[in-house]
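**Q** Quick note on numbering: the sequence shown equals residues -22 to -1, 1 to 990 in mature numbering (1 follows the signal peptide of the UniProt record, and there is no 0). Okay, handing you the structure first.
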Amino acid sequence: MSKKNLQFITCFVLLCFQLTYAQKTKVYTHDLKEYNEALHLYNSKQYQASQTLFDKVKSATSDYETEANCAYYIANCAVRLNQLGADNMMEDFVKNYPTSTKRNSAYIDVADYYFENGKYARALKWYDKSGDKGLTNSQREDYNFKKGYAYFTSKKYDQAKTYFQKLLDSQKYGSQAKYYTGYIAYQEDKYDEANEYFDGVSEEDEYNEKLSYFKADMNFKLGNFQKAIDLSKKELPNADRKEISELNKIIGESYFNLKKYKEAIPYLKEYKGKKRRWNNTDFYQLGYAYYKQEDYENAIKQFNKIIDGSNSVAQNAYYHLGECYLNTDKKQQALNAFRNASQMDFDLKIQEDAGLNYARLSYEIGNPYESVPSVLTSYLKKYPDTEHQAELEELLVSSYITSKDYEAALNLLEASKKYSDKETYQKVAFYRAIELFNDNKYQEALEFFDKSLKENESAEYTARATFWKAETNYLLDNYDLALEGFKSFANANITDTEEAQTIDYNLAYTYFKQKEYASAITNFEKFINNNADDTGRINDSYLRLGDSHFVTSNYGDAIKAYDKAIALKGVDEDYAYFQKAISYGFTGKTNTKIDELEKFINKYRKSSLRDDALYELGNTYINEEKTVKGLDTYAKMVSEYPKSSYVPKTILKQGLINYNSGKNQVALTKFRSVVSKFPNTEEAIQAVATAKLIYIELGQVEVYANWVKDLDFVDVTNVELDKATYESAEKQFIQNNTDKAIEGFEKYINQFPNGLNAVKANFYLAQSYFSKGETQKTIPHYEYVLQNEGSEYTEQALARLSQVFLETDNYTKAIPVLKRLEESADFPQNITFAQSNLMKASYELDNYTQAVSYAEKVLANDKVDNRIKSDAHVIIARSAIATNDEDKAKEAYQEVQKIATGKLAAEALYYDAYFKNKENDYEGSNAVVQKLVKDYSSYKQFGAKGLIIMAKNFYALEDSFQATYILESVIKNFTKYPDEVAEAEAELAKIKNAEAKRNSSVTPTETEDDGN
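Printed below as a string of structure tokens:
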């Protein structure tokens, strides 16, 4: 090659190299400019813009190192921007650029970023990835401190300590390492070790303030209470709000442990609690400090905040709470506190002493949860060697009577041979029988009177049981047994009992029922002479004395007795006046009789005897041949009392009088009226017979035949057979051969369904079934009687039929029968029976307006006894509750309280407590509940309801312990009453959720919505 060519080639290559170099430099310069701009944005923390520019440079460059650097910064920006997948981007950088100069610092850079931003858990992840290989000593110290601190903030103290201990001699991190290592020892209750490390930094101002609290707390925990007090008081002026609270706690609790309770109180009070909540121990210490100062009211306010406690602190608190209540005369509250302490076994001496106090208080004030005898028996059984054995056994014997929970007491006596004695059993059985008697459970009462009599230890209680067994038999119509019992009581010569005051009256009445009138008279007179103050019974005695003389035809004496009753202006004054008038007639003083009857009719216009008086007056006029007056009086009676049982008799007499006067057509009209309105009655039969004579006289036999052919009760083919069949059955009935009577009456009704004696046969058949207790079989027969309006059996059939329907709660069928009885009854007691049961039936059918209307009718009757009056007041009250008229209910229950006994009295007391609670009279409400659970302990459901009210009262009085304890006791002890248990559970949940907000020892029963 020529030199020229070689020179050309050389020049060409150099030119190409120069051109290429110039081009590359231009590109490099451009990339470097954008890279530096991106780096500047990164250092200015403009990570989004920086990331975008680094991404652009990375895409454009072909230089490995530039590309790697861009990838590193892109990943770092992603971390700082918290972008999705940022951690993966950094992992990809390390994987894709293994020779990059930034590879070694990549993990630590990310870790440091998270550390500096307080994300210690994420920092730990990256420190673990990086390790400490290849780090300088200075970098390694940074690594160890940051990793140790990240573990420390995560409360992984063992791992943190490993790294801090590598730095104890570090000039840069040594003080911090000692502080945190000491703190870890402090948290682990290694106070000597903590002191050693803290001493190493105590001269440094930065740590000295922080260490003061720890040293005070450590000295407290080491039992150096005075030193803890001194250190804490020194630190108080410099402490922040949280530390002030904790230091006050240290000082207060240190004084407490030094038994300097007075000094402890102000500091314990200043403690704010953890997260603004105290725990049971905090409340106990302040309460106990007050207790030791004999400041019982303030002690109670702290002790009673301790709920859900089940440890030695709680047992101590409840025991001392009981003592505080006793010292402030709050015995019901003390009962609950001692009971709770006695059920814990952390301190056996406290348990025994609390149990003793619980037993004594149970006897003194009653026990709503278990029978008092059971409490005393349980204690004696658990502590057989107690020094209080004699005292408690004496209380036990007495408690069987005073507890008034006779059923539970009897069960206990029958189950326990050791502590039972026959005299006690005799008395308890007697009172249980009386309880059943008052609840109208007469057959059950007889059973317990017999149990009482079987023991025969106390002459007084033997006599009393004999008396009340006789009274029970009297009410069950067992008059022979009643008379025997009353005589036995009288012969016992027990004079200082309430029963002895009335025995003559009871004997007299029983003789009266037995129709032994001479003996009845003797005993009524004896009672009247010896009981001048008992006006109610004296009035009644004069009435029955008059009746006894009347029945034995001693009309003059009868008039005197009736006059005495009239003068007293008591119950049944109208009856006495009427009987007096009748008596004059039997003495031959007919004009006086007429005058008295006329006065009666004008004076007693609302008397149930007024129709009797009109009928009797009419009869008397007729007998005296004052026919016009007699007929006018009859007409008046029929007009004013169209449903009276005297109406068929009166119309029949009107017909007979007109027949005898020759007024045949008028007579026929009356007779046909009797037959039409009152078929199947004796009056109807007599009316047909007399009408037949008139038709024959008038020559109208065919008219008569056409009339009677449609009368079922006349269509009897064999009158003699009818009569004989009926009389056979009736004879068995009179002789009390009930089964044979039933057989005979059934036979008669089958043979003669509309016979001459069909009404009587159906009535007596029904009565026979009723006496056997086969009440459902009576229904069709009573209904047959009632189809025949106005018979002499109508009233009794109405009373019995309604009773049968009421027994099976068939109120829908009972109500029309009761209404008819109310409208047509002659006997006042049947009217009262009808009205009182109409009010009950209406209430049961939710017809509250009608129920109240009938109750008011009952109350308007002065003659009803207190039991029926209390029923009426209760119906008014319950109806008012059902219709949300609480003012009316309150008023009615107040009336019930005045006269009620047994279950109704318990109900009235419950509502008294309820209304007092509503009026914020919490103390008054609690007093009523105490009376309820003490005096009516056998009525458990009202006891449970009352205790729920008591719990509400105590919570309103800021006594959380009483409130929760009572509710828990209701839930535990009254499982037979699910509604009350459910209410107690709901109330308890509400209280515990509220208490959990101030007491960290209380577990809320509901999880509140946290918004997530």
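Yeah, the Cβ is synthetic: ideal placement off N, Cα and C, and Gly gets one too.
Verify whether the separation of the beta carbon atoms of F234 and Q263 is less than 9 Å.
**A** yes
**Q** According to the Cβ coordinates, are L313 and S340 closer than 9 Å?
**A** Yes; because the gap between Cβ atoms is below 9 Å, this pair is in contact.
**Q** Put D843 into one of helix, strand or coil per three-state DSSP.
**A** Coil at D843, not helix or strand.
**Q** Would you say the region 458 to 477 touches the region 412 to 420, given that touching needs at least three Cβ pairs under 8 Å?
**A** no
**Q** In chain order, what residues of the same chain have a beta carbon less than 7 Å from the beta carbon of Q813, not counting five sequence neighbours either side?
**A** E800, Y832, K835 and V836
**Q** Please determine, among Q117, Q29, D512 and E272, the residue with the shortest C-alpha to C-alpha distance to Q479.
**A** Nearest option by C-alpha distance: D512.
**Q** If the criterion is Cβ atoms closer than 9 Å, does the pair F893 and A858 meet it?
**A** no
**Q** Could you give the DSSP three-state label for Y6: helix, strand or coil?
**A** Any reading at Y6 needs caution, since the residue's pLDDT is 48, under 50, leaving its predicted position unreliable; the model's value is listed next. The answer is helix: DSSP assigns Y6 an H, G or I state.
**Q** With a Cβ-Cβ cutoff of 9 Å, do Y520 and L485 count as a contact?
**A** no
**Q** Buried or exposed: which applies to R583, given that a residue is buried once 16 or more other Cβ atoms fall within 10 Å of its Cβ?
**A** Counting C-beta atoms within 10 angstroms of its own C-beta, R583 has fewer than 16 neighbours from the protein chains shown and is therefore classed as exposed.
**Q** What is the C-beta distance between A206 and S232, in whole angstroms, given that I count them as a contact (C-beta under 8 Å)?
**A** 5 Å
**Q** If contacts are defined as beta-carbon pairs under 8 Å, then G596 and T611 qualify, I think. What distance do you get, rounded to the angstrom?
**A** Going by Cβ atoms, the distance from G596 to T611 rounds to 4 Å, so yes, they are a contact pair.
**Q** If you follow the alpha helix (DSSP H) that K205 is part of, which residue opens it and which one closes it?
**A** F203 to E213
**Q** Residues in the same chain with beta-carbon distance under 6 Å from A470, minus the five sequence neighbours each way, listed in chain order, please.
**A** A441
**Q** Check N276 in the structure and name its three-state DSSP category.
**A** helix
**Q** Based on the DSSP secondary-structure assignment, which residues constitute the bridge partners of N977?
**A** W256
**Q** Assuming V57 and V35 form a contact by the criterion Cβ under 8 Å, report the distance between their Cβ atoms to the nearest whole angstrom.
**A** That pair is no contact at about 19 Å.
**Q** Please state whether DSSP places K250 in a helix, a strand or coil.
**A** coil
**Q** Under 9 Å between the Cβ atoms of A536 and D518?
**A** no
**Q** Determine the direct distance from the alpha carbon of Q908 to that of A934, and round the result to whole angstroms.
**A** Their backbone Cα atoms lie some 17 Å apart in a straight line.
**Q** With burial defined as no fewer than 16 other Cβ atoms inside 10 Å of the residue's Cβ, what is the status of D428: buried or exposed?
**A** exposed
**Q** Counting C-beta neighbours from all protein chains within 10 Å, is the total for K240 16 or more, i.e. buried, or is it exposed?
**A** K240 should be labelled exposed.
**Q** Count Cβ pairs between the region 769 to 781 and the region 616 to 628 that sit closer than 8 Å; are there 3 or more?
**A** yes
**Q** Report yes or no: do three or more beta-carbon pairs, one from the region 95 to 103 and one from the region 125 to 144, lie closer than 8 Å?
**A** Three or more Cβ pairs drawn from the region 95 to 103 and the region 125 to 144 lie within less than 8 Å of each other, which places the two stretches in contact.
**Q** For residue 1028, tell me which candidate among Y274, T259 and E301 has the shortest Cα-Cα distance.
**A** Here the chain covers residues -22 to 990 and nothing more, so residue 1028 does not appear.
**Q** Taking only runs of the alpha helix (DSSP H) that begin and end inside the region 808 to 858, which ones reach a length of at least 4 residues, in chain order?
**A** 826 to 837
**Q** By alpha-carbon positions, which one of T568, V874, S561 and D890 ends up nearest to H527?
**A** A check of alpha carbon separations from H527 across T568, V874, S561 and D890 identifies S561 as the nearest.
**Q** What is the DSSP secondary structure of P982, reduced to helix, strand or coil?
**A** coil
**Q** In its own chain, which residues sit with a C-beta less than 7 Å from the C-beta of R410, not counting the 5 before and 5 after it?
**A** Y384, E385, L388 and F426
**Q** Give the straight-line distance between the Cα atoms of K168 and F203, rounded to the nearest whole angstrom.
**A** When rounded, the distance between both Cα atoms is 18 Å.
**Q** Buried or exposed: where does D474 fall if 16 or more other Cβ atoms within 10 Å of its Cβ makes it buried?
**A** exposed
**Q** Check whether the Cβ of L299 lies closer than 9 Å to any Cβ atom in chain B.
**A** Chain labels in this structure do not include chain B; a single protein chain is all it has.
**Q** Between the region 736 to 748 and the region 695 to 713, are three or more C-beta pairs nearer than 8 Å?
**A** yes
**Q** The alpha helix (DSSP H) with Q366 in it runs from where to where?
**A** It should be pointed out that residue 366 corresponds to His in this sequence rather than to Gln. From DSSP, H366 is part of no alpha helix (DSSP H); its letter is neither H nor E.
**Q** Using a 10 Å radius around the Cβ and a threshold of 16 neighbouring Cβ atoms, would you call I720 buried or exposed?
**A** buried
**Q** Does DSSP put G265 in a helix, a strand or coil?
**A** helix
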